[in-house]
Amino acid sequence: MTPPNPEFEADCIRRILVGEKHLFHDLIRPCERSIYFLLFSLLRNEAEAEDAAQETAIKVYLNLKNFRGDSQFRTWVLSIARNEGLGRLRKAGTRREDSLDAETDEQTGDYTPAVLTSWREIPSESLERQQLGALLRKAIEGLPAIYRNVVLLRDIEEMDIRETAAALDITEGAVKVRLHRARALLQRDLAPKLGEYAPRRKGLFGWFK
Amino acid sequence: MRIDCKHVWQHISAYIDGEVDASLRAEIDRHLETCEICSAVLDSTRNVVVLIADDRVFELPAGFSERLHARLDRELDLAEPSRPPVSG
Chain A
1 MTPPNPEFEA DCIRRILVGE KHLFHDLIRP CERSIYFLLF SLLRNEAEAE DAAQETAIKV
61 YLNLKNFRGD SQFRTWVLSI ARNEGLGRLR KAGTRREDSL DAETDEQTGD YTPAVLTSWR
121 EIPSESLERQ QLGALLRKAI EGLPAIYRNV VLLRDIEEMD IRETAAALDI TEGAVKVRLH
181 RARALLQRDL APKLGEYAPR RKGLFGWFK
Chain B
1001 MRIDCKHVWQ HISAYIDGEV DASLRAEIDR HLETCEICSA VLDSTRNVVV LIADDRVFEL
1061 PAGFSERLHA RLDRELDLAE PSRPPVSG
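Those protein sequence lines, which keep their order, are chains A and B.
First residue of the first sequence? That's 1 in my numbering, and the numbers climb one at a time after it.
First residue of the second sequence? That's 1001 in my numbering, and the numbers climb one at a time after it.
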């Protein structure tokens, strides 16, 4: 993730609005990864997410004058992306329970983590192996939508809790709760599958019920 | 009072993010010193968080950026920001 640079953004916006249109490329470039992955997490389809990302960028350009500077630029951009994604989901008639608005934070539900002590550390060089990346992507794509979005913004795009909350239009408390459940689900899902990527060591299995 | 494993699991995500207060952190640390199970759960959860943050896990589709900026070039020629496209 490219860190936000408010001075650069403010200067760009001012100059774009007086006619230096080409600067919009530089303004939107640091946001494009986050735009795409937020949309991909909503739409779960590469081609559709790419098309929606392009539409989002155009809407950002056309509405640039309305950016007030009271939130981070990227947060504002991501709220436009979220609306674009939700609009497409509504058109497609997606069921509410898998939508971003689903009110499932009230659900309790203890989870029991997978306790497999053999893979506490997996070296990041293991990511050179494509299967590991595929395994991680599949686990994230398999999360319920409200958890997937939070993981995408907080853990993959590495936004802070406040910015994640603003971009998704939920409270910071909801971000924390969803993040906790999402990470717990990922840990439980991935722990038994990731053992083979861990370095070999003594005392392999430590199962726990 | 010594906290139990379930209590630790409830706070693992906040613990990883440094979002637990000092006294709870100290209790969790004390628990982790002697609990192999919770240490493994913490390490593996943290490892999942580190792995999924790697740019190689989620990559933009090939050519995404080029296509986006080519489309923007076409749109920027047609429209002014915050104004409807000129018609006629």
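Every residue gets a Cβ at the ideal spot worked out from N, C-alpha and C, and that includes glycine.
Under 8 angstroms (Cβ pairs) to chain A, residues found in the stretch 1047-1066 of chain B:
Asn1047, Val1048, Val1049, Val1050, Leu1051, Ile1052, Ala1053, Asp1054, Arg1056, Val1057, Phe1058, Leu1060, Pro1061, Phe1064, Ser1065
CB-CB length for Phe24 of chain A against Leu1076 of chain B, believed under 8 angstroms
6 angstroms
Have a look at Ala1017 of chain B and Phe73 of chain A and give me their C-alpha separation to the nearest angstrom.
Sequence check: residue 1017 of chain B is Asp here, not Ala. So the alpha carbons of these two residues sit roughly 24 angstroms apart.
Work out the CA separation of His22 of chain A and Asp1073 of chain B for me, nearest whole Å.
8 angstroms
Suppose contacts are defined by Cβ-Cβ distances below 9 angstroms. Is Leu39 of chain A in contact with Glu48 of chain A by that definition?
yes
Pick helix, strand or coil for Glu121 of chain A, following the three-state DSSP scheme.
Three-state DSSP puts Glu121 of chain A in coil, outside helix and strand.
Could you compute how far the alpha carbon of Ile140 of chain A sits from the alpha carbon of Val18 of chain A?
43 angstroms
Once DSSP output is grouped into helix, strand and coil, what is the label at Ile13 of chain A?
helix
Same chain only: Cβ atoms within 8 angstroms of Val1020 of chain B, ignoring 5 sequence neighbours per side
His1011, Ala1014, Ile1028
Arg85 of chain A burial status per 10 Å Cβ neighbour count (16 or more: buried)
In the sequence under discussion, the amino acid at residue 85 of chain A is Gly, which differs from the Arg named in the question. Flag for Gly85 of chain A reads buried.
Exposed or buried, what is Glu210 of chain A when buried is set at 16 or more other beta-carbons lying within 10 Å of its beta-carbon?
No information on residue 210 of chain A is available, as it lies outside the stretch 1 to 209 that chain A covers here.
Keeping to the same chain, check which residues put their C-beta closer than 7 angstroms to that of Ala166 of chain A; ignore five residues upstream and five downstream.
Ser71, Thr75
Backbone CA spacing between Thr56 of chain A and Ser1039 of chain B [nearest angstrom]
43 angstroms
Does the Cβ of Asp155 of chain A have 16 or more other Cβ atoms within 10 Å, making it buried, or fewer, making it exposed?
buried
My guess is that Ser41 of chain A and Asn149 of chain A are in contact by the Cβ rule of under 8 angstroms, so how many angstroms apart are they, rounded?
In this structure Ser41 of chain A touches Asn149 of chain A by the C-beta definition: roughly 5 angstroms separates them, less than 8 angstroms.
Which listed residue (A:Asp169, A:Ala114, A:Gln131, A:His180) has its alpha carbon closest to that of Ser1044 of chain B
A:Ala114
Is the Cβ of Glu50 of chain A closer than 9 angstroms to any Cβ of chain B?
Closer than 9 angstroms to the CB of Glu50 of chain A there is at least one CB belonging to chain B.
Helix, strand or coil for Pro6 of chain A per DSSP?
helix
Please identify, using Cβ separations under 7 angstroms, the residues of the stretch 128-142 of chain A that lie next to chain B, in order along the chain.
Gly133, Leu136, Arg137, Ile140
Out of B:Ala1079, B:Ser1023, B:Arg1067, state which residue places its alpha-carbon closest to the alpha-carbon of Tyr61 of chain A.
B:Ala1079
DSSP three-state call for Arg96 of chain A: helix, strand or coil?
Since pLDDT at Arg96 of chain A reaches only 46, below the 50 mark, its modelled position is unreliable, and the value read off the structure follows with that caveat. Helix, per DSSP.
Just verifying my parser: in three-state terms, what is the DSSP assignment at Glu1036 of chain B?
helix
Can you list, in chain order, the residues of its chain whose CB lies under 7 angstroms from that of Ile170 of chain A, leaving out five sequence neighbours each side?
Within the same chain, Ile170 of chain A has no close Cβ partners at all.
Assign Asn66 of chain A to buried or exposed, taking buried as 16 or more other Cβ atoms, counted over all protein chains shown, within 10 Å of its Cβ.
exposed
Taking all protein chains shown into account, do 16 or more other C-beta atoms lie within 10 angstroms of the C-beta of Glu157 of chain A, making it buried, or fewer, making it exposed?
buried
Neighbouring residues, chain A, relative to Leu1076 of chain B (Cβ below 8 angstroms):
Lys21, His22, Phe24, Tyr61
Using beta-carbon positions only, say whether Val151 of chain A and Ala174 of chain A come within less than 9 angstroms of one another.
For the pair Val151 of chain A and Ala174 of chain A, the CB atoms are not nearer than the 9 angstroms cut-off.
Starting from Leu190 of chain A, trace the alpha helix (DSSP H) in both directions and tell me its first and last residue.
172-194
If Leu168 of chain A sits next to Arg82 of chain A, beta carbons under 8 angstroms apart, how far is it from one beta carbon to the other, in whole angstroms?
7 angstroms
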